[in-house]
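A.B. asks: Numbering (the numbering used here), first residue to last: 61 to 419.
The beta-carbon is built from N, C-alpha and C at its ideal position, and this holds for glycine as well.
Take a look at the following structure, please.
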């Protein structure tokens, strides 16, 4: 079958949403436990990858879509070599990866030297450095000032794309009405722990919401039609969405464009990460008047209730996870509205950086 897309103009009532939610298997599909090992991630890539050669039915001869991939990095020595290898090994048919730009911001580890090694191997890779850590938005704006490509891809530095991900994502721009596309994050955390279960539950909800109301995260692509995003934002994806919609273009969700990530492994890291994200969404809502789809708490609760499974984790872990998310959102409101905390530079969530461990 051909690649499936969902866009921002589609409604909740379409009957195909439940079917789409189960593409490549249902959301309850089991991924290998302990998938932060090299072999585990390799197996997970095989499980969630979609073969473009097998599923793409588009005609030959279509003009290639060129893109630039941007990676914003702060002390990402653990994952950077794996990410760059995965990007260089992408299988493309109608998409050309013309350049890969890494913006290293105030790195104190080996991130820059690792990227330099790749620069000598492949002329498409470019390293840009910032002397100090100024926030992801600042790094994104530096990227935008250094690329003229038709389509720009933002890949989180602590993620890994599956082999066909960039083709699936960027080929969407053959439709001139598409302004921004988002991939599907799939966590590598084992499900048999409290936080692992919670991470999978949140990303599965994100997936289901995005099928009807496109929500960007971890991996996005957009047309190069703006110069910069607000510097005081911790959520670059959410800040870009209104810039695209405001120019009459649409957002789409591409579930075939799978990107592997690592969710927080501790309650403390979960609070740190979710607090930053929600505070960033509040900033976008208040300053731009744009509300991302996952800010609708009622929609999330209804979706959660409809998809609860009859298993012991539902009774033991879901209630405290709901309370934890509620607490995090309360803290984020305090950060933004009361304490006026700057939303663009936050402490690193260390447990999300161990996507692959050498074995």
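1) Measuring CB to CB, does residue 186 end up less than 8 Å from residue 159?
2) Please classify residue 332: does DSSP put it in a helix, a strand, or coil?
3) Compute the minimum distance between the beta carbon of residue 304 and the heavy atoms of the ligand SAH, and state whether it is under 7 Å.
4) Quick one: give me the first and last residue of the beta strand (DSSP E) that residue 386 is part of.
5) What residues in its chain sit with their C-beta under 6 Å from that of residue 240, if we drop five residues either side in the sequence?
6) Beta-carbon within less than 6 Å of residue 256's beta-carbon, same chain only, minus the 5 sequence neighbours each way: which residues are those?
7) Is it right to say residue 366 is buried, meaning 16 or more other beta carbons lie within 10 angstroms of its own, or is it exposed?
8) Under DSSP, the alpha helix (DSSP H) around residue 201 begins and ends at which residues?
9) Note down the Cα distance separating residue 274 from residue 125, rounded to an integer number of angstroms.
10) Quick one: Cα of residue 285 to Cα of residue 307, how far?
11) Could you give the distance in angstroms between the alpha-carbon of residue 413 and the alpha-carbon of residue 202?
12) In angstroms with no decimal places, state the Cα-to-Cα distance between residue 167 and residue 298.
13) Residue 396 by DSSP, collapsed to three states: which one?
14) If you reduce the DSSP assignment to three classes, tell me which class residue 340 lands in.
15) With distances taken Cα to Cα, identify the nearest neighbour of residue 254 among 387, 178, 327, 135.
16) What is the DSSP secondary structure of residue 325, reduced to helix, strand or coil?
17) Among 181, 340, 225, which residue has its Cα nearest to the Cα of residue 316?
18) Taking the alpha helix (DSSP H) that residue 358 belongs to, which residues open and close that run?
19) From the DSSP output, which residues share a beta bridge with residue 189?
20) Could you spell out where the alpha helix (DSSP H) holding residue 124 opens and where it closes?
21) To which residues does DSSP link residue 217 through a beta bridge?
22) Indicate the three-state DSSP secondary structure (helix, strand or coil) for residue 159 in the structure shown.
23) The alpha helix (DSSP H) with residue 148 in it runs from where to where?
C.D. replies: A quick look at the data gives this:
1) By 1-based counting over the chain shown, the position of residue 186 is 126. By 1-based counting over the chain shown, the position of residue 159 is 99. Yes, they are a contact pair.
2) Residue numbering aside, residue 332 sits at position 272 when the chain shown is read from its first letter. It is helical.
3) With respect to the ligand SAH, the structure shown offers nothing to examine, as it has no ligands at all.
4) As a first step, residue 386 must be located in the chain shown, where it is residue number 326. Premise fails: residue 386 lies in the alpha helix (DSSP H), 378-393, not in any beta strand (DSSP E).
5) Position 180 of the chain shown holds residue 240. Contacts found: 282, 304, 311.
6) Mapped onto the chain shown, residue 256 falls at position 196. Answer for residue 256: 249, 250, listed in chain order.
7) In the chain shown, the residue the question calls residue 366 occupies position 306. Its Cβ having fewer than 16 others within 10 Å, residue 366 is exposed.
8) The count along the chain shown starts at 1 and reaches residue 201 at position 141. Residues 196-204.
9) Taking the chain shown and counting its residues from 1, the one referred to as residue 274 is at position 214. Taking the chain shown and counting its residues from 1, the one referred to as residue 125 is at position 65. Roughly 22 Å between the two C-alpha positions.
10) The residue you call residue 285 lines up with position 225 of the chain shown. The residue you call residue 307 lines up with position 247 of the chain shown. Near 9 Å, if we compare the C-alpha coordinates of residue 307 and residue 285.
11) Taking the chain shown and counting its residues from 1, the one referred to as residue 413 is at position 353. Taking the chain shown and counting its residues from 1, the one referred to as residue 202 is at position 142. Each residue's Cα considered, the two are about 24 Å apart.
12) Your numbering for residue 167 matches position 107 in the chain shown. Your numbering for residue 298 matches position 238 in the chain shown. For residue 167 and residue 298, the distance between alpha carbons rounds to 25 Å.
13) Locating residue 396 in the chain shown gives position 336, where the first residue counts as 1. Residue 396 falls in the helix class under three-state DSSP.
14) Here residue 340 refers to the residue found at position 280 of the chain shown. Residue state, collapsed to three classes: helix.
15) Position 194 of the chain shown, counted from the start, is the residue given in the question as residue 254. When only C-alpha atoms are compared, the closest one is 327.
16) For this step, residue 325 is matched to residue 265 along the chain shown. Of the three classes helix, strand and coil, the one that applies to residue 325 here is coil, per DSSP.
17) Numbered from 1 along the chain shown, position 256 holds the residue referred to as residue 316. Checked all of 181, 340, 225; the closest Cα to residue 316 is 225.
18) Here residue 358 is taken as the residue at index 298 of the chain shown, counted from 1. 357-366 is the extent of the alpha helix (DSSP H) around residue 358.
19) Within the chain shown, residue 189 is the residue found at index 129, counting from 1. Per DSSP, 164.
20) Here the question's residue 124 lines up with position 64 in the chain shown. Residue 124 -> no alpha helix (DSSP H), and no H or E assigned at all.
21) Walking along the chain shown from the start, residue 217 turns up at place 157. The partner list for residue 217 (beta bridge, DSSP) is empty, contrary to what the question assumes.
22) Residue mapping note: residue 159 aligns to position 99 of the chain shown, counting from 1. Residue state, collapsed to three classes: strand.
23) Numbered from its first residue, the chain shown carries residue 148 at position 88. 140-148 is the span of the alpha helix (DSSP H), which, as asked, contains residue 148.
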